[in-house]
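A.B. asks: Each residue of the sequence shown is one higher than the last, beginning at 604 in the numbering used here.
Sharing a structure, written as structure tokens. Questions coming.
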Amino acid sequence: YFGVYLYLSQVNENLIRKNKLMPGSIYYGDSGAPINSRGFTDLWINEKYWVKKGSRNKEQNSFRGDIRFFIDKINNSSERDFFIFFNKYIDKKTFYDYISIDRITGSFHHDANHNHKIYFDPYKGKFFPIQWDVRFWTTSKYKDPSYNPFIHRIVSNPILNYELDKVTYKHYQNDLEKRLYKIYK
């Protein structure tokens, strides 16, 4: 007897098809990358630590250009280039909602080291976060308990930070927290 377990379904191509989205790359950014001198794992430095769990077709199974591009832009782009990348290749609404939910719930489960799932839609040419497993809530005073280098690049840009804050504020005004608690009950 091992007690009570929580089952979380795993994200794969079935989730994409179920939501009538174009099959594309799905990556897991999870534990396993070594901690670097900056205090987080190399998950955010080297694309090799992102495990590919889905692809558009069999020929794309080994293609990693999309995640390599994502990680490169986080680490090796100027502020202007990151802003252009973010506006062109990131689904802003979905990422802002994703970060806002973590902010509102106080979840720190999507941290700098693990529990990230990213989908690249080849039809739209955009990256989307896959929200899952929102738990490990905190009463931290920090605005972003799930801080990572990608969020750092967003909040370092005054325009992107303002847009993100605006989405978070709108969710607060619409009682997202109360609606989430109701769903959990």
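Glycine is no exception: its CB is placed at the ideal position from the N, C-alpha and C atoms.
Going by beta carbon distance, what residues of the same chain come within less than 6 Å of Glu780, once the five residues before and after it are set aside?
C.D. replies: Here the set comprises Ile707.
A.B. asks: Please name the residue, chosen from Leu646, Val654, Gly709, Tyr701, that lies closest to Arg667 on a Cα-to-Cα basis.
C.D. replies: Val654
A.B. asks: For Asp714, is the classification buried or exposed, using 16 other Cβ atoms within 10 angstroms of its Cβ as the cut-off for buried?
C.D. replies: buried
A.B. asks: Return the Cβ separation of Asp705 and Val770 in integer angstroms, given the expectation that the two are a contact with Cβ distance under 8 Å.
C.D. replies: At roughly 12 Å, the Cβ-Cβ gap does not stay under 8 Å, so Asp705 and Val770 are not in contact.
A.B. asks: Just to confirm my understanding: we take Asn639, look at its own chain, exclude 5 residues before and 5 after, and list those with CB closer than 8 Å. What are they?
C.D. replies: Asp645, Ile648
A.B. asks: With the cut-off set at 9 Å, would you say Ser658 and Gly627 are in Cβ contact?
C.D. replies: yes
A.B. asks: Can you tell me where the beta strand (DSSP E) with Ile754 in it begins and where it stops?
C.D. replies: First-last for Ile754: 752 to 759, but that is the alpha helix (DSSP H), not the beta strand (DSSP E).
A.B. asks: Does the distance from the C-beta atom of Ile677 to that of Phe753 stay below 9 Å?
C.D. replies: yes
A.B. asks: Using the Cβ count rule (16 or more neighbours within 10 Å means buried), how would you classify Ser759?
C.D. replies: Label assigned to Ser759: exposed.
A.B. asks: In chain order, which continuous runs of the beta strand (DSSP E) of length 3 or greater are located wholly inside the region 607 to 643?
C.D. replies: 628 to 632
A.B. asks: What alpha helix (DSSP H) runs, 4 residues minimum, are completely inside the region 655 to 730?
C.D. replies: 668 to 679, 682 to 692, 695 to 708
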